[in-house]
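Here the sequence shown stands for residues 3 to 248, numbered as in this note's numbering.
Backbone N, C-alpha and C fix where the C-beta goes; we use that ideal spot for every residue, glycine too.
Remember, it's a predicted structure, so these values are computed and weren't measured experimentally.
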Amino acid sequence: MTFEMTDTQVAPPRHIAIVMDGNGRWAKKRFLPRFFGHKAGVDALVRVVQACIDRQVEQLTVFAFSSENWKRPSDEVSGLMGLVLAAVSRYLARMGAMGVQIRIIGDREAVPEKLRKAWNEAEQATAHNQRLILNVAFNYGGRWDIVQACRKAIEAGVPAQELNEARLGEFMAMRHAPDPDLFIRTGGEVRISNFLLWQVAYTEFVFSDCLWPDFSEADLDRAIAAFQERDRRFGGVKAAGAVSAC
Ligand code: FPP
Numbered sequence: 003m004t005f006e007m008t009d010t011q012v013a014p015p016r017h018i019a020i021v022m023d024g025n026g027r028w029a030k031k032r033f034l035p036r037f038f039g040h041k042a043g044v045d046a047l048v049r050v051v052q053a054c055i056d057r058q059v060e061q062l063t064v065f066a067f068s069s070e071n072w073k074r075p076s077d078e079v080s081g082l083m084g085l086v087l088a089a090v091s092r093y094l095a096r097m098g099a100m101g102v103q104i105r106i107i108g109d110r111e112a113v114p115e116k117l118r119k120a121w122n123e124a125e126q127a128t129a130h131n132q133r134l135i136l137n138v139a140f141n142y143g144g145r146w147d148i149v150q151a152c153r154k155a156i157e158a159g160v161p162a163q164e165l166n167e168a169r170l171g172e173f174m175a176m177r178h179a180p181d182p183d184l185f186i187r188t189g190g191e192v193r194i195s196n197f198l199l200w201q202v203a204y205t206e207f208v209f210s211d212c213l214w215p216d217f218s219e220a221d222l223d224r225a226i227a228a229f230q231e232r233d234r235r236f237g238g239v240k241a242a243g244a245v246s247a248c
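Quick look at the structure:
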């Protein structure tokens, strides 16, 4: 499906961020180990990537593994690492053909060597693609991002009096991306969970009860429609004459 804008439609979000929550519950409902929920979650991600391309979304950022996910049982952590590694080799060519540029954000130090290499290869192989940038947040935390940006700014010798939002932004993991317009969290929880803390200052939030593996194109369209109804003022006020009585 191709999304075509008419005169009356508000522009679609340029950048969507998603917390893909609910994989474990999806598996539990089917009496399956949690791993199978994550596996179905990868399929949902591939569907949503295509749907975002069809809707002319420019960047999609997904939370694949948080700085805190190491607290999960070791078999789930190693299962997730293996699954992601398998997904990279299975889908890399397809993502390339779809025009997807893959970028990884997060602390790569603690990630197994094999996966680090696979991420590097995926980034290099897709660096020239232009249709959609897929930012995969892996071993990522919003607080980690702010701290690593401060560290880099200090290492770069930025004087304290010159440090402002724009300057610090140059060191953030998502410096190549505009701030997300729309933040979607599936799975029914209503929290940020240390995702893009710096970048979501003026992002519109949509929370869905849908479990991530079930998230469909229709759910994405509902989230985009909700976004298009929002009145974004970025801390300012509406233009004169456009104010309605409450
Ligand atoms: C949260 O659901 C989901 C995760 C921690 C993992 C999400 C990862 C993927 C979908 C794989 C991404 C793959 C690539 C290649 C980027 P949960 O386990 O917390 O679910 P629950 O809340 O129902 O327990």
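Spatial neighbours of Gly-98 in its chain, beta-carbon cut-off 7 Å, leaving aside the 5 residues before and after: Ala-127, Thr-128, Asn-131
Look up Ser-68 in the DSSP assignment and give the residues it is bridged to. Tyr-142
Kindly list the residues whose CB is nearer than 6 Å to the CB of Val-90, restricted to its own chain and excluding five residues on each side of it in sequence; keep chain order. Ala-120, Ala-124
What is the chain-ordered set of residues for which the beta carbon lies under 5 Å from any non-hydrogen atom of the ligand FPP? Met-22, Asp-23, Gly-24, Asn-25, Gly-26, Arg-27, Gly-43, Val-44, Ala-66, Val-86, Ala-89, Val-138
Bridge partner(s) assigned by DSSP for Glu-206: Glu-206 pairs with Leu-184.
Beta-carbon within less than 7 Å of Gln-201's beta-carbon, same chain only, minus the 5 sequence neighbours each way: which residues are those? Met-176, Asp-181, Pro-182
Measure from the alpha carbon of Phe-38 to the alpha carbon of each residue in Arg-105, Glu-78, Ile-106, then state which is nearest. Glu-78
I'd like to confirm the pairing. Which residues does DSSP put opposite Ala-19 in its beta bridges? Thr-63, Phe-185
Only counting the same chain, and skipping five residues up and downstream in sequence, which positions put a Cβ closer than 6 Å to that of Leu-184? Excluding residues within five positions, the ones whose Cβ falls inside 6 Å are Pro-15, Ile-18, Glu-206, Phe-229.
Span separating the alpha-carbon of Leu-136 from that of Leu-85: 18 Å
For Tyr-204, which residues of its own chain have a beta-carbon under 8 Å away from its beta-carbon, when the five flanking residues on both sides are left out? If we look at Tyr-204 and ignore the five residues flanking it on each side, its Cβ neighbours are Asp-181, Arg-234, Phe-236, Gly-237.
Please classify Val-208: is it buried, with 16 or more other beta-carbons within 10 angstroms of its beta-carbon, or exposed? buried
Which residue's Cα is closest to the Cα of Phe-32: Ala-227, Pro-215, Glu-219? The residue asked about is misnamed: residue 32 is Arg in this sequence, not Phe. When only C-alpha atoms are compared, the closest one is Pro-215.
Simplified DSSP assignment, three categories, for Arg-27: helix
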